[in-house]
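Structure representation (structure tokens):
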């Protein structure tokens, strides 16, 4: 009878066992110091489907036994903003996670030692903890491996993932370039090469980007399910990020090369959608007037049914142009626009641009005549008269 009662008591104890989470992050680290343990933080969102599927596993006896034995545990819920202490802690770590869930591990001094994405499998979650305890396997060892000269594909790939959390763009670029240098070129067509492209590359000068751009027909069948057929979007994302970050640094040759990329990936029919301002400035600097006027004409033709777009283009070139030939060319383009139907604000903008052109060309009679016409129009349509009066 006593044995039966003891068995029932032990069984109930095991089944009621769960991972113990501290209620305050500072309490968790204080306890970790006293017990000489790492701090485990579940970084999650209480509305996240995957997070919700993981939650019951914290009541698993095997899971609870392992995590309670080796870690002091705490939860950071990202829903509707974190607690102030949690937010300050994450800010101090300078870690930028793009989603949830993640399992994070810190030593008692709040040094980041390991992290991993998570899924609802007990063995998988326990294995994350085992890696955190292994000084050779944990994420925190990657920086030292890299500094010591380890340039294996495994280390570079894992270290790139870590560096992205700190948003160190320059180091990310360096690592992705090193990955291409050590990667067997005969294997560039395979799935691993695609994964490296997808998960580590963020600039168009990288060899993986250039390889896959030149082999678009082979860029398929790597994604499954809902993402099937989306492989080319990886290249599009890299290209658009490069344009956003680096376009101001590019010379004319690089701009025109990137324009070709936008056409090749189907992001633009003419290549003029993303870099026309930078290309115009580069053409101006290199005194390529014929090409500059051609580009302006192409843009105006592409926007001939869009008055707002046309006025935006002419306003840009009005700021860029300063010699007589350029201004006369722009003046003709504005004359062509005059006959189009415009909203009062658009017509007001047209008057303003045309007046500035005439002023720059020192055509005083034409300027004064148009100014009187513009003042009347501005008054009738209750536009800001100061724009015209100040000319």
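In the working numbering, the protein residues as written are 126 to 516. In this text, a Cβ means the ideal position worked out from N, Cα and C, and glycines have one as well. Owing to the predicted nature of the structure, the values given are computational and were not obtained by experimental measurement.
Excluding sequence positions up to five before and after residue 217, its CB lies within less than 8 Å of the CB of 235, all in the same chain and listed in chain order. In chain order, 228, 241 place their CB closer than 6 Å to the CB of residue 253, counting only its own chain and leaving out the 5 sequence neighbours on each side.
Rounded to the nearest angstrom, the gap between the Cα atoms of residue 450 and residue 207 is 60 Å.
When 195, 146, 331 are compared, the shortest CA-CA separation from residue 256 is found for 195. Residue 441 and residue 298 have their C-alpha atoms spaced approximately 33 Å apart. Residue burial is scored here from C-beta neighbours: residue 373 has fewer than 16 other C-beta atoms within 10 angstroms and is therefore classed as exposed. In the DSSP assignment, residue 265 falls outside any alpha helix (DSSP H) and carries neither an H nor an E.
DSSP, reduced to helix, strand and coil, places residue 250 within a helical segment of the structure shown. For residue 220, same chain residues with a beta-carbon under 6 Å away, outside a window of 5 residues either side, are 290 in chain order. Here residue 199 is not near residue 251, since their CB atoms are 8 Å or more apart. Secondary structure of residue 229 (DSSP, three-state): strand. Closest in C-alpha terms to residue 330, from the list 357, 300, 344, comes 300.
The Cβ neighbour count for residue 499, taken over all protein chains shown within 10 Å, is at least 16; the residue is labelled buried. Separation of residue 275 and residue 281 (C-alpha to C-alpha, rounded to the nearest whole angstrom) is 8 Å. Residue 245 has its alpha-carbon roughly 10 Å from the corresponding atom of residue 174.
The beta carbon of residue 409 lies closer than 7 Å to those of 417, 445 in the same chain, with the five residues before and after it left out. Uninterrupted alpha helix (DSSP H) stretches at least 4 residues long and entirely within the region 428-458 occur at 432-445, given in chain order. Boundaries cannot be given for residue 277, as no alpha helix (DSSP H) includes it and DSSP labels it neither H nor E.
Taking a contact to require three or more Cβ pairs closer than 8 Å, the region 495-513 and the region 471-480 qualify as touching. If you look at residue 477, you'll find it in the alpha helix (DSSP H) that goes 469-485. For residue 195, the enclosing alpha helix (DSSP H) has its first and last residue at 186-195. Taking every protein chain shown into account, the CB of residue 243 has 16 or more other CB atoms within 10 angstroms, so this residue is buried.
Annotated three-state conformation of residue 392 is coil, per DSSP.
Contact annotation: the region 304-313 touches the region 324-344, with at least three C-beta pairs closer than 8 Å.
With contact defined as three or more Cβ pairs closer than 8 Å, the region 363-379 and the region 392-408 are in contact. Look at the beta carbons and you see the region 341-359 touching the region 313-323: at least three pairs across the two are nearer than 8 Å. For the 8 Å CB-CB criterion, residue 390 and residue 427 do not form a contact.
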